[in-house]
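Structure, as C-alpha cells:
In the working numbering, the protein residues as written are 718 to 1266.
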C-alpha cells in the first residue's frame, strides 16, 4: 500500500518552503518516526518523518525544490515493500516490478556463478565462509557516513582541524572523531555508532561545507581475523575485495547509466563519491563533471596551502619557522583590524582602591565557597559593578545599526577568555538577574568549555559589553580594542601595591588601573568618564552593590 510523504503545515506567515536534504533514497528501508527529509523555511527547518515502517518507493520533489504545505513530496510502501499481493497495481508499478524481478534474476545468476567458484575451495572453506558471513550479519556491517554538522548562521564553510582517530581504529558511539573549526567555534563530530572508522575522506586542513561527508564508520565487529592463519587472512581479503567490487558494480548500475559509469571510471571515481542530482538520486554526467572540477580546484588550493605548512628555513646562523594561521586566528586578526578601522575608538582611564573588596573576600571567602560550591573571585564584583553602571549610562549599552542607535534594555556581558586556539568572548546573559555565585559559576563553566574547545554558537552570540582582565597575566595597563558592534570594552589590570595620598598621609594600597575603550560615535566623553567613575565608586564601596544604591 502506497503512503504519501507530505510537507507539514508551515508556520504562520510562511508561504512556501524548500526541500533541503533527503536523508534516504528510493529503495531504502525506513522505520516509524525516522527523519526522511529536512524542509527549510525562512524561519525554521522542519523534519518530515516516516509515518510507518516501510520502504521508500519514490522521491517526487528533489532537493532545492520549492514546495507548499501538504504537498506530496514522496511515496513509501508499508512493510517490506513487497507488492506481489496487490492485484490493482498500475502499469508503472508493474513495469517497476518487472525491472525488479529482472535485477533479482541477474543478481541470482551472479550469486550462483560466484558460489560455483567458491565451491572449488571445498566444503570446509565454504562452511567457514558461511559462519563468518553469519557473524558479520549478527554484528552489523552497515556503513554510516560521518558528516560535517550544520554550521552556525552566517558561517559558510569550516576547516578540518584535528582527527582524533585514524582509518582502521575502533570507535564507540558518541566518541569524538574529529574537530571542525569555524570562524567562531570548534565543533566536535562524534561517532554515530560503535564500529570501525573505515575511511577518512577529508584530511586535516581541508575546507568543508555543512553536511559534507568526511568519513565512513562501519558498524559491528572488525579485527576478527587476528586469530586466523595467514592464508585465511589472504583468502578473506580476496573475498572481501571481490564482494565489495560486486556490491559497487550493482550499486553503480542502480544510480548511474553506462555513459556515466564510463566517465566515473576515467576519473577513478565511484558513484558514492559524487552527489547525484537526477531523479531518485541518480548521478548524471553533469554531476560527475562538476565533481571533477571542484576536486581540481580544491587540489590547486591545497597545493597553495601546502607551501604554507610549518617550515623551518635557515639564513646563515638565523633559523626561522613559518606556520600558517588557523581559521580562528585569521578571524581574530580580521575583526580586530576592522574594529580599529571602522570605529572612532578612544580610551579613558581611572584607578580603583581594591582594599575594600579584598577585605570582604578575605572575611567571607570560606563561607561563600562552602555555601555555593564555588570560589569567591574578583570577576563577580566586576560584572555586578559593570551591570549597575550600564543601567545608569544606557549609551554604553548601545550599538550602531546603520544610521540608528540601538539601546539594549537587557544586560548580556561578554567575558574575554584565553584558549589554546586564541581569544574568545563567550556571553553571560541577564547579569542583572544573577547572584554573585551565579556569575562565578557561569564564568568558570565558560572558561572550561573554552579551554576544551566546547563552546557553542549560543555561548558566543550576542553580548552588549565586554570585560577583559589582563591582570591575570600581569598586565599593569592596556588599551583594549572594541568588540564590534559593541560600543565599549572595560579592561581590568594587575592589582599592585602603590603609595597613595590618603587624608594628607601616604598609605600603601592595593591599586588597579581601569581602562574603558569606547566608540566616540555613540558615547561622548562625559558618559564614558561618568561610567568609569561609577565602576570605581562601586568597587571601592561594594556594599552599595548589595544595597542597590
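Cβ atoms here follow ideal geometry from the backbone N, Cα and C, with glycine treated the same way.
Per DSSP, residue 1155 is one residue of the alpha helix (DSSP H) stretching across 1153-1169.
Straight-line spacing of the CA atoms in residue 909 and residue 1154 works out to 38 Å.
The beta strand (DSSP E) runs lying completely inside the region 1031-1100 and spanning 3 residues or more are 1035-1039 and 1062-1070, given in chain order. Selection 1087, 937, 1077 and 1184 evaluated against residue 1204 yields 1184 as nearest (Cα-Cα). Under the three-state reduction of DSSP output, residue 723 falls in the strand class. Residue 1013 carries a helical assignment under DSSP once its states are collapsed to helix, strand and coil. CA-to-CA, the gap between residue 1166 and residue 1149 works out to about 23 Å.
If you draw a 10 Å sphere on the C-beta of residue 1225, you find fewer than 16 other C-beta atoms in it, and that means exposed. As the crow flies, the alpha-carbon of residue 1212 is around 46 Å from that of residue 920. Your pair residue 1056 and residue 1237 does not check out as a contact, with CB atoms roughly 13 Å apart and the cut at 8 Å. Residue pairing by DSSP places residue 1215 opposite 1226 in a beta bridge.
For residue 1252, the enclosing alpha helix (DSSP H) starts and ends at 1242-1257. Around the beta carbon of residue 1111, fewer than 16 other beta carbons lie within 10 angstroms, which makes this residue exposed. If the five residues before and after residue 1240 are omitted, its C-beta is found closer than 7 Å to the C-beta atoms of 1112, 1113, 1204 and 1205, all from its own chain and listed in chain order. With a cut-off of 8 Å on Cβ pairs, the region 1135-1143 is in contact with the region 1158-1178, counting three or more such pairs. Within the region 881-925, the complete beta strand (DSSP E) segments at least 3 residues long are 893-898, 903-907 and 912-917, listed from N- to C-terminus. Contact check for residue 934 against residue 888 passes: the beta carbons are separated by less than 9 Å. Relative to residue 741, the option among 1081, 719 and 780 whose CA is nearest is 780. By the Cβ-count criterion, residue 782 is exposed, with fewer than 16 other Cβ atoms from all chains shown falling within 10 Å of its own Cβ. Secondary-structure assignment with DSSP links residue 861 through a beta bridge to 934. According to the DSSP assignment, residue 774 belongs to the beta strand (DSSP E) that extends over 771-776. Under the three-state reduction of DSSP, residue 928 is assigned to coil, being neither helix nor strand. In this structure, residue 1197 and residue 1164 do not form a Cβ contact; the two beta carbons are roughly 18 Å apart against a cut-off of 8 Å. Per DSSP, the beta-bridge partners of residue 1118 are 1121.
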